[in-house]
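These protein sequence lines are chains A and B, in that order. Numbers -7 to 202, taken from my numbering, label the letters of the first sequence in order. Numbers 295 to 633, taken from my numbering, label the letters of the second sequence in order. Ideal Cβ positions, reconstructed from N, Cα and C, are used throughout, including at glycine. A short write-up of the structure that comes next.
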Amino acid sequence: MNLLSRIDAFVARTRPWWLWAGQLALLALGVHLAADHLDDAVAAGLRALPLPWPDPETPTSIGTWGALALELLGVLWSAWALARAHGAPVGSVRAWGRRISVHAISAPLAWIPLALAGAWAIGMATEDAVAAWLPTLDGGWSTIATGAGWLAAALVTWRIALPGLVDLVRRTPEPKHRREGLVWLPVLVVLSAFAWRYGVPVWGLLEGMP
Amino acid sequence: MSRPLADFLSERSPRRPTNPPPRRRLGLLDLLLVAAVGLVGLGRTPAGALVGYVADRVQGESAEMPSLTTFFSHGMVAAPDAPVQLPPQAPSLAPGQLQEPHRTALASALGQAIPERVSTRLSAAGHEPTVDGALDWVDALEEPDPERAIERLVLGDELLARAVGRARAAGQDHPEAYQVHRLYLPGDVRTDADRVVGTAMALSTVLDLGWPIQGPHPVTSGFGYRVHPTLKTRKFHNGIDLGVPIGTPVVSPQEGTIAAVASDATSGTYVIVDHGHGVRTTYCHLSEALVTSGAKVERGALLAKSGNTGRSTGPHLHYIVRIAGDAVDPARWRTQPTK
């Protein structure tokens, strides 16, 4: 047990070397869940424009490629935001106020829905994987798979998403100017909106409430 | 409230060093989680596919560039190379059996390849893992909804319920529809389901299409490569031209939703109808559209009046049928009268 604790402590000390990879993959999953619903919306928006399309279905193709481009931009932003969140941590709201910028506000607001959507994607993958190993899915066995999925989503949120959010708030360094991050804002607004709408499994539950 | 958070909010000096000591526990758990998240991210996102491709190239392996758009819903169904024909005489089917055109469509979709999960299900139920065995299995369900019957064959009841539940939890409209809950299926299952459920439903939708023009009319230009009448270059003609006078009623060949009503210099005034399951029909060079975007239309509903707008050399209707975005020859798929 002592050996295991030592190994655990050693691995924990190396966390800064690899935790970012998990955070980036988590955001990539959340971004994809959002973008997977985005292509149709982009196509509908394009069709509303009075443009001479070479083919009436061209907006559909552009919608797919547009969603893909936006998704890849979202992953690039995630990598950029993670790479920046390594400054000295702030200790108070006042100190954080000195670091305020478009990025300082938009990054945590985008991180929350994208990371939650990513955690749900992990939860679904876990549920599917556990269900495949169970002897049968009758008689309550499927509850085990569902429980494992929610447990995985909760663990990923706690151990990967939350530290990333805290670092993003506390360790993003002082900006060169307040507009820093403005160029990413349209990408983040669109992806965050779709992540909230389609990547957070609460809306169905809320529909049943008075 | 924890002390660091209280310090942070109360604007007091932190009671601990500015650089907190690293967390010294749960390192193995975190590493396990990061590995799991990384693996899922690599396998299920376009960015992950790109990283995998670059990693293969760096290692000197001759990897093919992955198709990134297949991660999106429009890659769900492949148009078949040749049109599927309905049997000339409809077989006598009992009410509980899978009816035409879904029967022919499912047989065609499974005829290309029977997924392993379907073979396993058939064998477990004592059926031959063949197309006929699959049809017998589906008939035994006596499921009135053909889409649900085909889904049960491919997914099984539990996985189907799980996908519908996820779509419902996300607040999706119509979570029971395959096109909605397929986005919440595991990646490998989604591939099989698209190949069978998506393709079978798309084929049955196309096989059930009527014709947009009532009464006799000539086909003035067919589907495929031709010398363009105004551009004078060899171009692909993605539909067929029906020679009809300006003002001829254009009707919907099947129920659907109006996906677009618009006008441009090439197609003139046009209407696109989404019939579901990845099947869309388009009507170009219209003189007048009589529907609005988003409206539901029944089979035979009046959509528009034909015309001569856009890049056109004379009055005609340019009619396009698409399966999952790929144009197919409407004449070769013409099997049903509209009314």
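According to DSSP, residue pairing for Phe530 of chain B in a beta bridge involves B:Tyr519.
Taking a Cβ-Cβ threshold of 7 Å, none of the residues of chain B is close to Leu157 of chain A; the smallest such distance is about 13 Å. Contact between the stretch 41 to 58 of chain A and the stretch 569 to 581 of chain B is present, with at least three C-beta pairs closer than 8 Å. The Cβ atoms of Trp57 of chain A and Thr363 of chain B sit closer than 8 Å to each other. Leu597 of chain B and Arg189 of chain A have their C-alpha atoms roughly 33 Å apart. Ile444 of chain B: member of the alpha helix (DSSP H) spanning 440 to 449, first to last residue.
Its chain contains Ala457, Ala487 as the residues whose beta carbon lies nearer than 7 Å to that of Leu479 of chain B, once the 5 sequence neighbours on both sides are disregarded; these appear in chain order. In the three-state DSSP reduction, Ala464 of chain B falls in the coil class, being neither helix nor strand. Residues Pro469, Val474, His475, Tyr478 of the same chain have their beta carbon placed closer than 7 Å to that of Ala461 of chain B, with the five preceding and five following residues left out of the count. At least one beta carbon of chain A lies nearer than 8 Å to the beta carbon of Thr339 of chain B. In summary, Tyr472 of chain B is buried, with 16 or more beta-carbon neighbours lying within 10 Å of its beta-carbon over all protein chains present. Cα atoms of Val82 of chain A and Glu172 of chain A: separation of roughly 18 Å, rounded to the nearest angstrom.
Annotation: the continuous beta strand (DSSP E) that includes Arg616 of chain B extends over 611 to 617.
The residue among B:Leu344, B:Ile444, B:Gln466, B:Ala418 with its C-alpha nearest the C-alpha of Leu400 of chain B is B:Ile444. The DSSP-derived three-state label of Gly420 of chain B is coil.
Residue range 573 to 583 is occupied by the beta strand (DSSP E) that includes Glu582 of chain B. In this structure Ala153 of chain A is not in contact with Leu320 of chain B, their Cβ atoms being roughly 15 Å apart against a cut-off of 8 Å. With respect to Ala75 of chain A, Ile114 of chain A sits apart: the two C-beta atoms are not nearer than 8 Å. Contact residues of the stretch 11 to 45 of chain A toward chain B are Leu11, Ala13, Gly14, Ala17, Leu18, Ala20, Leu21, His24, Asp28, Asp31, Arg39, Leu43, Pro44, Trp45 (C-beta to C-beta distance below 7 Å). B:His612 is the residue among B:Asp568, B:Ala553, B:His612 whose C-alpha sits nearest the C-alpha of Thr560 of chain B. Counting the other Cβ atoms within 10 Å of the Cβ of Ser134 of chain A gives 16 or more, which makes it buried. Residue environment analysis places Lys168 of chain A among the exposed positions, since fewer than 16 neighbouring C-beta atoms fall within 10 angstroms of its C-beta.
Annotation for Asp159 of chain A: the continuous alpha helix (DSSP H) segment containing it runs 154 to 163. 8 Å or more divides the Cβ of Ala185 of chain A from the Cβ of Gly22 of chain A. In terms of CA proximity to Gly191 of chain A, B:Gly465 leads the group B:Gln406, B:Gly465, B:Asn532, B:Thr527. DSSP places Ser361 of chain B in the coil class of the three-state scheme, outside both helix and strand.
Against chain B, the beta carbon of Ser98 of chain A has no neighbour under 9 Å; the closest one sits roughly 20 Å away. At a cut-off of 8 Å between beta-carbon atoms, Trp125 of chain A makes no contact with chain B. Judged by DSSP in its simplified three-state form, Ile54 of chain A adopts helix.
Interface with chain A (8 Å Cβ-Cβ cutoff): Pro480 of chain B is included.
DSSP links Tyr564 of chain B through a beta bridge to B:Ala556. Here the alpha carbon of Met359 of chain B sits roughly 7 Å from the alpha carbon of Tyr347 of chain B.
Rounded to the nearest whole angstrom, the CA to CA distance from Arg605 of chain B to His29 of chain A is 34 Å. Going by C-alpha positions, Asp558 of chain B is about 21 Å away from Ser546 of chain B.
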